[in-house]
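Colleague: Taking my numbering, I'd label the letters of the sequence shown as residues 239 to 524.
Glycine included, C-beta positions come from ideal geometry on N, C-alpha and C.
The structure presented is a predicted model; accordingly, all values stated were derived computationally and were not measured.
Following this message is one structure expressed as structure tokens.
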Amino acid sequence: MGYIDSHVHLWVREIMSDEMIRRVNNMSNNAVDRQLVSIDHIIKEMDEANIEYVVNIVYPSREMWGSNEDIVLRAINFFKKYPDRISIVGGVQPNHLSEKETKYWLEKQYEAGVSGFKIHPPHMWVKPNSYRVEEGGLKQLEIIYEFAQDHNLPIIVHTGTSYFPVARNKYGDPIFADDVSVDFPKLRIILAHSGRPIWVNTAFQLARIRRNIYLDLSSIPPKRILDYIPRLEEIKDKCLYGSDFPDIGVKGLKENLMEFLSISISEEAKEKIAKINPESFFKPLA
Numbered sequence: 239m240g241y242i243d244s245h246v247h248l249w250v251r252e253i254m255s256d257e258m259i260r261r262v263n264n265m266s267n268n269a270v271d272r273q274l275v276s277i278d279h280i281i282k283e284m285d286e287a288n289i290e291y292v293v294n295i296v297y298p299s300r301e302m303w304g305s306n307e308d309i310v311l312r313a314i315n316f317f318k319k320y321p322d323r324i325s326i327v328g329g330v331q332p333n334h335l336s337e338k339e340t341k342y343w344l345e346k347q348y349e350a351g352v353s354g355f356k357i358h359p360p361h362m363w364v365k366p367n368s369y370r371v372e373e374g375g376l377k378q379l380e381i382i383y384e385f386a387q388d389h390n391l392p393i394i395v396h397t398g399t400s401y402f403p404v405a406r407n408k409y410g411d412p413i414f415a416d417d418v419s420v421d422f423p424k425l426r427i428i429l430a431h432s433g434r435p436i437w438v439n440t441a442f443q444l445a446r447i448r449r450n451i452y453l454d455l456s457s458i459p460p461k462r463i464l465d466y467i468p469r470l471e472e473i474k475d476k477c478l479y480g481s482d483f484p485d486i487g488v489k490g491l492k493e494n495l496m497e498f499l500s501i502s503i504s505e506e507a508k509e510k511i512a513k514i515n516p517e518s519f520f521k522p523l524a
């Protein structure tokens, strides 16, 4: 089995609406083409790095990208050309849909072949525990968690800050996922980015004490992972390797992985974090 990169965002024009392209251009000084990836180049780099497949995370954010739930289906239709090399994680934006619409899009994405769902609190402007009465009683969010739990699909929750102008970083604290862990004990919850940079200790402690909470290491520079999480070896069964490619600071799929494999942890830990653990969560489209 090759390695698995459990957190990438493969931007291709075929899945982007005109509104998304306009917003990306506005945020990156009309440089949308620099945000797009060449799939042929990606596959070549994966082969060179012995990456078996990547987990492409596609989620709606009306506030950030002007995208809705249909982007997930467009992504699946496009990446079916590479069914054994790409896994797709979808998403539903609960604070913009009715309960009926939420159920509809969960079913559609599940039938199309998603491996899980992403909640991005700073981009969606919603706390992960806002289904609770004291937090607003957003039933649609509860429906997402129940659906994922019933279908044995993981939920990825963005934790930590986001540098984009419209991101609301107050929602990025991983402590809000603790309620989700308690209320949905059979739901597997992955804290993306491990709360970096200011909530890493919270994320680490939650992964230690909650049976159903895991960490993904994406967007943390591999050479600094042990600075952020010095006791990484202790939670090797609860961590997933990811790069967050092609985000700022990620040098490439291959280079990021090679740097991770060079850090001072056991070979067993590297094998679990970059192969065994991700495979237990995500399957390619094939």
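Using 7 Å as the threshold, is the C-beta distance between residue 241 and residue 288 below it?
Modeller: It is a contact, given that the beta carbons lie within the stated cut-off.
Colleague: Using 8 Å as the cut-off, can you tell me whether the region 360-373 makes contact with the region 403-415, which would need three or more C-beta pairs spanning the two stretches below that distance?
Modeller: Result yes; three or more Cβ-Cβ pairs closer than 8 Å.
Colleague: One question on the structure: do residue 435 and residue 379 come within less than 7 Å of each other, judged by their Cβ atoms?
Modeller: Contact: no.
Colleague: Would residue 520 and residue 336 be called neighbours here (beta carbons separated by less than 7 Å)?
Modeller: Result no, Cβ atoms of residue 520 and residue 336 do not sit closer than 7 Å.
Colleague: Can at least three beta-carbon pairs, one atom from the region 343-353 and one from the region 274-284, be found at a separation below 8 Å?
Modeller: Too few Cβ pairs lie closer than 8 Å, so no.
Colleague: Kindly indicate which three-state DSSP category residue 466 falls into: helix, strand or coil?
Modeller: Residue state, collapsed to three classes: helix.
Colleague: Can you tell me which residues form a DSSP beta bridge with residue 429?
Modeller: Residue 429 is bridged to 395, 453.
Colleague: Using CA coordinates, which residue listed in 516, 385, 284, 511 is at the minimum distance from residue 424?
Modeller: Closest option to residue 424, Cα to Cα, is 385.
Colleague: So, does the CB of residue 477 fall closer than 7 Å to a CB anywhere in chain C?
Modeller: Judged by its chain identifiers, the structure shown contains no chain C, having just a single protein chain.
Colleague: Check for me: the alpha helix (DSSP H) holding residue 442 runs from which residue to which?
Modeller: That run of the alpha helix (DSSP H) goes 438-447.
Colleague: Which residue marks the beginning of the alpha helix (DSSP H) containing residue 492, and which one marks its end?
Modeller: Per DSSP, residue 492 belongs to the alpha helix (DSSP H) from 491-499.
Colleague: Here's a check: name, in chain order, each residue in its chain whose Cβ is nearer than 7 Å to the Cβ of residue 417, leaving out the five neighbours to either side.
Modeller: Closer than 7 Å at the Cβ level, and outside the excluded window around residue 417, lie 367, 370.
Colleague: Exposed or buried, residue 398, counting other C-beta atoms within 10 Å across all chains shown (16 or more means buried)?
Modeller: Per the 10 Å Cβ criterion, buried.
Colleague: Hey, could you find the ends of the alpha helix (DSSP H) residue 520 is sitting in?
Modeller: Unbroken run through residue 520: none, as it is neither H nor E.
Colleague: Looking at C-alpha atoms only, which residue of 394, 291, 483 is the closest neighbour of residue 477?
Modeller: Cα-wise, what sits closest to residue 477 is 394.
Colleague: Could you name each continuous beta strand (DSSP E) segment of 3 residues or more that falls completely within the region 277-339, going from the start of the chain to the end?
Modeller: Entirely contained in the region 277-339, the beta strand (DSSP E) runs reaching 3 residues are, in chain order, 289-295, 324-327.
Colleague: On a Cα-Cα basis, can you pick out the residue from 506, 309, 429 that is closest to residue 448?
Modeller: Looking at the Cα atoms, 429 is the closest of the given residues.
Colleague: Could you compute how far the alpha carbon of residue 358 sits from the alpha carbon of residue 500?
Modeller: Each residue's Cα considered, the two are about 30 Å apart.
Colleague: List the endpoints of the continuous beta strand (DSSP E) containing residue 508.
Modeller: From DSSP, residue 508 is part of no beta strand (DSSP E) but of the alpha helix (DSSP H) over 505-509.
Colleague: Go through its chain and collect everything with a Cβ distance to residue 377's Cβ below 7 Å, but skip five positions before and after it.
Modeller: Taken in chain order, the residues that qualify are 337, 369.
Colleague: Assuming residue 382 contacts residue 432 under a Cβ cut-off of 8 Å, what Cβ separation, rounded to an integer in Å, is found between them?
Modeller: In fact, because the Cβ distance is near 22 Å, the residues do not count as touching under 8 Å.
Colleague: Tell me where the alpha helix (DSSP H) around residue 361 begins and ends.
Modeller: It spans 359-362 - the alpha helix (DSSP H) in which residue 361 sits, taken as one unbroken run.
Colleague: So the beta strand (DSSP E) residue 244 belongs to, where does it begin and stop?
Modeller: Note, residue 244: beta strand (DSSP E), 241-246.
Colleague: Where does residue 274 sit, in a helix, a strand or coil, going by DSSP?
Modeller: Residue state, collapsed to three classes: coil.
Colleague: Find out if the Cβ-Cβ distance for the pair residue 275, residue 296 is shorter than 7 Å.
Modeller: Taking 7 Å as the Cβ cut-off, residue 275 and residue 296 do not qualify as a contacting pair.
Colleague: Roughly how many angstroms separate the alpha carbons of residue 404 and residue 516, rounded to a whole number?
Modeller: Answer to the nearest angstrom: the Cα atoms are 31 Å apart.
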